[in-house]
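Just so we're aligned: the sequence shown equals residues 80 to 873 in this note's numbering. Every residue, glycine too, gets a C-beta built ideally from N, C-alpha and C. Let me begin by presenting the structure, written as C-alpha cells, before commenting on it.
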Amino acid sequence: MSSTVKQAVQCTHCGEPCHNGNITLVDKIFCCEGCRMVYEIINDNGLCRYYNLNDRPGITQKDLARRDKFAFLDDGKIAAKLISFKDENQTHITFYLPQMHCSSCLYLLENLHKLHAGVVSAKVNFTRKEADIVFENTKASLRDVAELLTAVGYEPYISLNDLKETRPAMDRTQIVRLGIAGFCFSNIMLMSFPDYLGIDASEEGIRGIFRIANLLLSLPVFFYAALPFYESSWKGIKHKFLNIDIPIALAIIITFIRSVWEVFSGAGGGYFDSMTGIVFFMLAGRVVQDKTYRQLSFDRDYSSYFPVAVSVWKDKKEIPTLLPEIKVNDTMLIHHGELIPADGLIIKGKALIDYSFVTGESLPVPKEIGEMVYAGGKQTEGNIEVMVIKEVNQSYLTSLWNKEDQPHKQKSVSFVHRVSKYFTGIVILIAGLAAAYWAFHDPSRIWTAVTAVFIIACPCALLLSNSFTNGHILNILGRNRFYLRKASVLEDIAHVDHIVFDKTGTLTSAGEQEIGYEGQELTDTQISAVVALASCSNHPLSKALAAHFPVSEKPAVQGFKEYPGKGIEGFVNDHWLWIGAAQEGTQKKIAATTVHIRFENQDTGKFLFSNHYRKSVPELLQTLGKSYRLSVISGDNNAEMQRLRRLTGDKTTLLFHQKPEDKLHYIQSLQQKGEKVMMIGDGLNDAGALKQSDAGIAVSEQSNNFTPASDGIIAAKQLPLLDKFIRLSKMNRKIVLASFALSVLYNVIGLYFAVQADLSPLIAAILMPSSSLSIVLLSFGASNIGARLMRLEW
Numbered sequence: 080m081s082s083t084v085k086q087a088v089q090c091t092h093c094g095e096p097c098h099n100g101n102i103t104l105v106d107k108i109f110c111c112e113g114c115r116m117v118y119e120i121i122n123d124n125g126l127c128r129y130y131n132l133n134d135r136p137g138i139t140q141k142d143l144a145r146r147d148k149f150a151f152l153d154d155g156k157i158a159a160k161l162i163s164f165k166d167e168n169q170t171h172i173t174f175y176l177p178q179m180h181c182s183s184c185l186y187l188l189e190n191l192h193k194l195h196a197g198v199v200s201a202k203v204n205f206t207r208k209e210a211d212i213v214f215e216n217t218k219a220s221l222r223d224v225a226e227l228l229t230a231v232g233y234e235p236y237i238s239l240n241d242l243k244e245t246r247p248a249m250d251r252t253q254i255v256r257l258g259i260a261g262f263c264f265s266n267i268m269l270m271s272f273p274d275y276l277g278i279d280a281s282e283e284g285i286r287g288i289f290r291i292a293n294l295l296l297s298l299p300v301f302f303y304a305a306l307p308f309y310e311s312s313w314k315g316i317k318h319k320f321l322n323i324d325i326p327i328a329l330a331i332i333i334t335f336i337r338s339v340w341e342v343f344s345g346a347g348g349g350y351f352d353s354m355t356g357i358v359f360f361m362l363a364g365r366v367v368q369d370k371t372y373r374q375l376s377f378d379r380d381y382s383s384y385f386p387v388a389v390s391v392w393k394d395k396k397e398i399p400t401l402l403p404e405i406k407v408n409d410t411m412l413i414h415h416g417e418l419i420p421a422d423g424l425i426i427k428g429k430a431l432i433d434y435s436f437v438t439g440e441s442l443p444v445p446k447e448i449g450e451m452v453y454a455g456g457k458q459t460e461g462n463i464e465v466m467v468i469k470e471v472n473q474s475y476l477t478s479l480w481n482k483e484d485q486p487h488k489q490k491s492v493s494f495v496h497r498v499s500k501y502f503t504g505i506v507i508l509i510a511g512l513a514a515a516y517w518a519f520h521d522p523s524r525i526w527t528a529v530t531a532v533f534i535i536a537c538p539c540a541l542l543l544s545n546s547f548t549n550g551h552i553l554n555i556l557g558r559n560r561f562y563l564r565k566a567s568v569l570e571d572i573a574h575v576d577h578i579v580f581d582k583t584g585t586l587t588s589a590g591e592q593e594i595g596y597e598g599q600e601l602t603d604t605q606i607s608a609v610v611a612l613a614s615c616s617n618h619p620l621s622k623a624l625a626a627h628f629p630v631s632e633k634p635a636v637q638g639f640k641e642y643p644g645k646g647i648e649g650f651v652n653d654h655w656l657w658i659g660a661a662q663e664g665t666q667k668k669i670a671a672t673t674v675h676i677r678f679e680n681q682d683t684g685k686f687l688f689s690n691h692y693r694k695s696v697p698e699l700l701q702t703l704g705k706s707y708r709l710s711v712i713s714g715d716n717n718a719e720m721q722r723l724r725r726l727t728g729d730k731t732t733l734l735f736h737q738k739p740e741d742k743l744h745y746i747q748s749l750q751q752k753g754e755k756v757m758m759i760g761d762g763l764n765d766a767g768a769l770k771q772s773d774a775g776i777a778v779s780e781q782s783n784n785f786t787p788a789s790d791g792i793i794a795a796k797q798l799p800l801l802d803k804f805i806r807l808s809k810m811n812r813k814i815v816l817a818s819f820a821l822s823v824l825y826n827v828i829g830l831y832f833a834v835q836a837d838l839s840p841l842i843a844a845i846l847m848p849s850s851s852l853s854i855v856l857l858s859f860g861a862s863n864i865g866a867r868l869m870r871l872e873w
C-alpha cells in the first residue's frame, strides 16, 4: 500500500464520504478498513467491472458483522433446516440478501465462484433478492459462504424462528422517505395559506416568514426524500440510458430552483408545495405498486391449489394427499418415477434417487433406510416410504420447474429498457418544444408546461400492463386447478391450433375401469404378488390393477424395473413377475385393452380393461373440434377405434400402437408443418411428447406426476373446462392490448393539457401513479368479468 494525497472524496467501494483519508490502497481511498478489504478481494479476482456498472455499487462495511456471527451454521441440525439439497459432493442453499439493489450486485454475486474456489455457482433472483448458491463440501461450508457474502457486503438474512417467511415486508427507508415527504408537504401547504388567501402587502412580513419556513421544510424533501430519483437518473445517464426517472428528477430540480429564486428575489413564494407534492405522490405511488407486486406474487407460490397429490399412510391406509396438506412426521409412499416433494428420511424400501431435476446430474444415487432424501429427487426403483422432516416448499419446487426461464426473463427486461429509453427521449423532446413555444408567447408559463410534461408522461402503465394482466390470469387459472409454470405459456396456449390427447389416463379414468381376467386361475399368493408389483408403478393401468384386488399385506418387491410403453418387472417372493405387453408375436386382436402377466417367464394370463371414458369427453372433443385440429394417440391396440371414433368425430386423427418415441415423433411432424401443438397427457409414457410440444399439459388424478417435461398441470376433474381455459388465455391477450391502448390514451391526453400549461405539476404528480393503478383495476376487472362469464372461480 502507498499513501495518496488526502482528498474530500467518496469511498471507492461504497460511495460514502471519506472522513479519514488515511485508509488508502494505491490511488484508492476508503471510508473504512472493511471497504478496503472488500475492494482487495474484488480487485485480486479481476472483478473490478463491478465498480463500472453503477455509481455507488458497494455496501458500506463500517458495520461489518463480527466474524463469529455465523458460527451457529456449523451446527448440522441448524444447517439441515436451511439447505435445499446436499449430497457427498455439493450443497445447495438459498439466501435472502436484503442489500441487493442494482446491476453491480447482480454481477458480483453471480461471480462468487471467482472469489472462493469452493463456490460452484450462484444464480440471483433479483426481484426476490435471493441467491441460489451451490458449493463443494470439501472446499467450503455453509458458514464459509455466509461469511463470504458478508465480507463483500451482502450479509444474508437468516431467521431460525420462522424459516417460512420472516423477511421484512417492505424497505424501511422507502417508508421513512414517504413519511418525511408527507410531513413537509402538508406543513408547506399550511404555511402557504397567506399566498393562497392573497394577503396584502401590509402583512408582507408574515408572508416572508412563511416563505422562508417553506424553503426550510422543502430541504429534507429535495435532498433526502427525492434521492432515489436522482440516483436512478444519474445511473441512467452514466450508462447512456434514459430511464423513466430522468423526467421526474428534472421536474423536481426545476421546480425547486425556480422556487428558491422567487423567494430570494422577492418575486413570489415559489412552488414548494408543488415540489414536495410531486415527491410525496410519486413515492406513494411506488409504495402502492410495490405492495401490489407482492400481492400478485409473480413467483406464484400456489400452495393452496397446486393440483398434485402424494400418497400418505394414514390409519394403515394409502390416502392421496395434496402437497400443502403434508405435515412433518407424515409417512409418504413414493412410487417408481415419482418426484419427492419434501425432504425426509427413508424408513422402508430401497431408494435409487435421480437428482437431475436439482443438480443436472442424471446418475441415480442409491440411498438406504435411515438416510435423508431431498425434495426434487425422483425415485427410480420401486416404492419407498419417506418420513417428512421438512414441510413442502412450493416455491422451491416451482423454481426447479422454471430453471430454464432465465433467458426469457432477460429478454423481457431488455424490452422494457428499450421502450423506456425511447419514451424518455420523446418526453424530453416534447418538453423542449413546449418551452420553445411558450418562450415566444408567454414566458411565465414555461416552467408549468415543462414540469407538467416531465411528470405526466409515464411509460410505467405501458410496461406493466402485460405483467399485471398475466399475473392475474395465472391466479385465476390456478384457483381453477390449472397451474402454469410461467406467464409465457399463456401466449403459447393462445396460439395453439392443434391439440393432441393421450388416451390412457387422460380421456379415460383409471378409477372407473371394469377389469376382467382370462388365463390360469391365480392363487392368493400370486394375486398379492401382482398387486405388490403393480403398486410400484404410477401408470394408470397399474394403479387400476393394484386397486382392483383388496390385499391387506403386500410382499416386498426386489429389482423393480419399468419399461415405458411396454411394462414392469420385478422379483416378488423370489419369483420373477412381468406385467405389461404380450411377448412379440403372441398378441392377438382383442376388443379391449389387455395387460399380460408372466410368472417365471411363463404366460399365466391377461387382464382385460374395459376403458371408461370420462363423462365430459364427448362434449369437450366436440367443442374443441369446432376450433382446433384434434388427434388422439395411444399405446394400446386399435380395438376401440370405432368407439373412439363415435366420441371424437370423423375429423379427429386416431393413432394406436404408439410407443413413447412414436408420440414424440408425431408432435415433431406436426410442428414441421408449421402447426402450434398442445399435448395433453399423464406425464408418464408421453414425457418426451409433452416436452416437445408448444404447450405440454400433464393431467393429475390424485397422483404425483409433477414433471419438468410439462408446462402446466391440470386436475383431471377440471379437464372439461379446458376449452374455457384456452379462451381465457386468448382473452388475456385482448386485455393486454386494451390496457396498452388505455395507457397510450392517458399519455396523449395528459401531454395535450401539459404542453398548453393548463395542468398543474401537483395534479400531474397525482395522475401519474394513478395511471398505473388504473391499469391494475382494468386488468383485474376485465379478467374477473371474463372468468365470471365463463363460470370459472375468480
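Exercise. Would you kindly check if the distance between the Cβ of P299 and the Cβ of I357 is under 9 Å?
Key: Start at 1 with the first residue of the sequence shown, and residue 357 comes out as number 278. Start at 1 with the first residue of the sequence shown, and residue 299 comes out as number 220. Going by C-beta atoms, I357 is not nearer than 9 Å to P299.
Exercise. Run the CB neighbour count on Y453, radius 10 Å, all protein chains shown included, and call it buried at 16 or more, exposed below.
Key: What you label residue 453 is simply residue 374 of the sequence shown in a count that begins at 1. The residue is buried, with at least 16 neighbouring Cβ atoms inside 10 Å.
Quiz prompt | Buried versus exposed call for G511 [16 or more other C-beta atoms within 10 Å across all chains shown] | solution = Sequence index remark: in the sequence shown, residue 511 carries index 432 (1-based). The residue in question, G511, is exposed, as its Cβ has fewer than 16 Cβ neighbours within 10 Å.
Quiz item: Who are the near neighbours of R693 in its chain, counting only those whose CB is closer than 6 Å to its CB and skipping five residues on each side?
Solution: The residue labelled residue 693 in the question sits at position 614 within the sequence shown. The residues are S588.
Quiz prompt | Assigned secondary structure, I468 (DSSP; H/G/I helix, E/B strand, else coil) | solution = Position 389 of the sequence shown, counted from the start, is the residue given in the question as residue 468. Looking at I468 - three-state DSSP - the assignment turns out to be coil, as it is neither helix nor strand.
Self-check item: Element boundaries [alpha helix (DSSP H), containing F826]
Solution: By 1-based counting over the sequence shown, the position of residue 826 is 747. It should be noted that the sequence gives Asn, not Phe, for residue 826. That run of the alpha helix (DSSP H) goes L801 to V834.
Quiz item: In this structure, does DSSP put W873 in helix, strand or coil?
Solution: Numbered from 1 along the sequence shown, position 794 holds the residue referred to as residue 873. Here W873 sits in coil by DSSP.
Practice problem: Have a look at the DSSP bridge pairing and note the partners of S200. | Solution: Taking the first residue of the sequence shown as 1, we reach residue 200 at position 121. Looking at the DSSP assignment, S200 forms a beta bridge with V213.
Quiz prompt | Through-space distance from K622 to A718, alpha-carbon basis | solution = Here the question's residue 718 lines up with position 639 in the sequence shown. Here the question's residue 622 lines up with position 543 in the sequence shown. Going from the Cα of A718 to the Cα of K622 covers about 22 Å.
Quiz prompt | D682 in three-state terms, based on DSSP | solution = Along the sequence shown, read from residue 1 onward, the residue named residue 682 stands at position 603. It is a strand residue.
Practice problem: Leaving out five residues on either side along the sequence, give the residues of the same chain with a beta carbon under 6 Å from the beta carbon of Q485. | Solution: Here residue 485 is taken as the residue at index 406 of the sequence shown, counted from 1. Note that Q485 has pLDDT 39, beneath the 50 cutoff, so the model's placement of it is unreliable and no number is given.
Exercise. Go to S433, then tell me how far its beta strand (DSSP E) extends in each direction, as first and last residue.
Key: Residue 433 sits at position 354 when you count from the first residue of the sequence shown. First, the residue type needs correcting, since residue 433 is Asp and not Ser in the sequence shown. First-last of the beta strand (DSSP E) with D433: A430 to D433.
Exercise. Would you be able to state if there are at least three C-beta pairs under 8 Å between the region 334-352 and the region 285-302?
Key: yes
Practice problem: Please report how far the alpha carbon of P634 lies from the alpha carbon of K395, in whole angstroms. | Solution: Within the sequence shown, residue 634 is the residue found at index 555, counting from 1. Within the sequence shown, residue 395 is the residue found at index 316, counting from 1. Cα-Cα distance, rounded: 15 Å.
Quiz item: Among A514, P445 and S772, which residue has its Cα nearest to the Cα of K457?
Solution: Reading the sequence shown from its first residue, position 378 is the one you call residue 457. Per the Cα distances, P445.
Quiz prompt | Outcome for G550 when other beta-carbon atoms lying within 10 angstroms are tallied against a minimum of 16 | solution = Counting from one through the sequence shown, the residue named residue 550 turns up at place 471. With 16 or more Cβ atoms within 10 Å of its Cβ, G550 is classed as buried.
Practice problem: Please name the residue, chosen from W526, Y516 and S614, that lies closest to G349 on a Cα-to-Cα basis. | Solution: In the sequence shown, counting from the first residue as 1, residue 349 sits at position 270. The option with the nearest alpha carbon to G349 is W526.
Self-check item: I448 versus I425: straight-line alpha-carbon distance, rounded
Solution: Within the sequence shown, the letter at position 369 stands for residue 448. Within the sequence shown, the letter at position 346 stands for residue 425. Answer to the nearest angstrom: the Cα atoms are 5 Å apart.
Quiz item: Are I676 and W655 close, meaning C-beta to C-beta below 9 Å?
Solution: Along the sequence shown, read from residue 1 onward, the residue named residue 676 stands at position 597. Along the sequence shown, read from residue 1 onward, the residue named residue 655 stands at position 576. No, these two residues do not count as a Cβ contact at 9 Å.
Exercise. Closer than 7 Å by C-beta to A330: which residues in its own chain qualify, once you throw out the five before and the five after it? Chain order, please.
Key: Indexing the sequence shown from 1 puts residue 330 at position 251. Taken in chain order, the residues that qualify are I357, T530, F533, I534 and P840.
Quiz item: Using DSSP with H/G/I as helix, E/B as strand and the rest coil, what is I405?
Solution: For the purposes of this step, residue 405 is taken as the residue at position 326 of the sequence shown. If DSSP states are grouped into helix, strand and coil, I405 belongs with coil.
Quiz item: Exposed or buried, which one is F264 when buried takes at least 16 other CB atoms within 10 Å?
Solution: Here residue 264 corresponds to residue number 185 of the sequence shown, with the count starting at 1. Looking at its Cβ environment, which holds 16 or more other Cβ atoms inside 10 Å, F264 is buried.
Practice problem: Answer with buried or exposed for R867, where buried requires no fewer than 16 other C-beta atoms within 10 angstroms of its C-beta. | Solution: For this step, residue 867 is matched to residue 788 along the sequence shown. Result: exposed.
Practice problem: May I ask you to list the residues that DSSP assigns as paired with L412? | Solution: One-based indexing of the sequence shown puts residue 412 at position 333. Note: L412 sits in a beta bridge opposite S390 and E464.
Quiz prompt | Cβ neighbours of F359 in the same chain (closer than 6 Å, five flanking residues each side left out) | solution = In the sequence shown, residue 359 corresponds to position 280, counting from 1. Hits under 6 Å: A260, G261 and F264.
Quiz item: Within the chosen definition, does the region 740-759 reach the region 555-566 through at least 3 CB pairs nearer than 8 Å?
Solution: no
Exercise. Please name the residue in E404, I432, E440 and A661 whose C-alpha comes closest to that of G416.
Key: In the sequence shown, residue 416 corresponds to position 337, counting from 1. Nearest of E404, I432, E440 and A661 to G416, Cα basis: I432.
Exercise. Label M758 either buried or exposed according to how many other C-beta atoms from any shown protein chain fall within 10 Å of its C-beta, with 16 as the threshold for buried.
Key: In the sequence shown, residue 758 corresponds to position 679, counting from 1. It is buried - the Cβ of M758 has at least 16 other Cβ atoms within 10 Å.
Practice problem: Grab the span of the beta strand (DSSP E) containing K770 for me, first residue to last. | Solution: Counting from 1 along the sequence shown, the entry for residue 770 is found at position 691. Per DSSP, K770 belongs to no beta strand (DSSP E); it is in the alpha helix (DSSP H), A766 to Q771.
Quiz item: If you run the structure through DSSP and keep just helix, strand and coil, what is Q169?
Solution: Within the sequence shown, residue 169 is the residue found at index 90, counting from 1. It is a strand residue.
Quiz item: Taking Cβ to Cβ, would you say S567 is nearer than 9 Å to N462?
Solution: In the sequence shown, residue 567 corresponds to position 488, counting from 1. In the sequence shown, residue 462 corresponds to position 383, counting from 1. In this structure, N462 does not lie closer than 9 Å to S567 by Cβ.
Quiz item: In or out: G638 buried (at least 16 other Cβ within 10 Å) or exposed?
Solution: Stepping through the sequence shown from its first residue, residue 638 is reached at position 559. It counts as exposed.
Quiz item: Between the beta-carbon of E209 and the beta-carbon of V198, is there less than 9 Å?
Solution: One-based indexing of the sequence shown puts residue 209 at position 130. One-based indexing of the sequence shown puts residue 198 at position 119. No, Cβ-Cβ distance for E209 and V198 is not below 9 Å.
Self-check item: For A788 and G584, the rounded distance between their alpha carbons
Solution: In the sequence shown, counting from the first residue as 1, residue 584 sits at position 505. In the sequence shown, counting from the first residue as 1, residue 788 sits at position 709. Cα-Cα distance, rounded: 17 Å.
Self-check item: Contiguous alpha helix (DSSP H) assignments of at least 4 residues, all confined to the region 548-635
Solution: 567-573, 603-613 and 619-627
Exercise. Verify the CB distance criterion: does V651 have a CB-CB separation below 9 Å to chain B?
Key: Within the model displayed, chain B is absent; a lone protein chain is all it includes.
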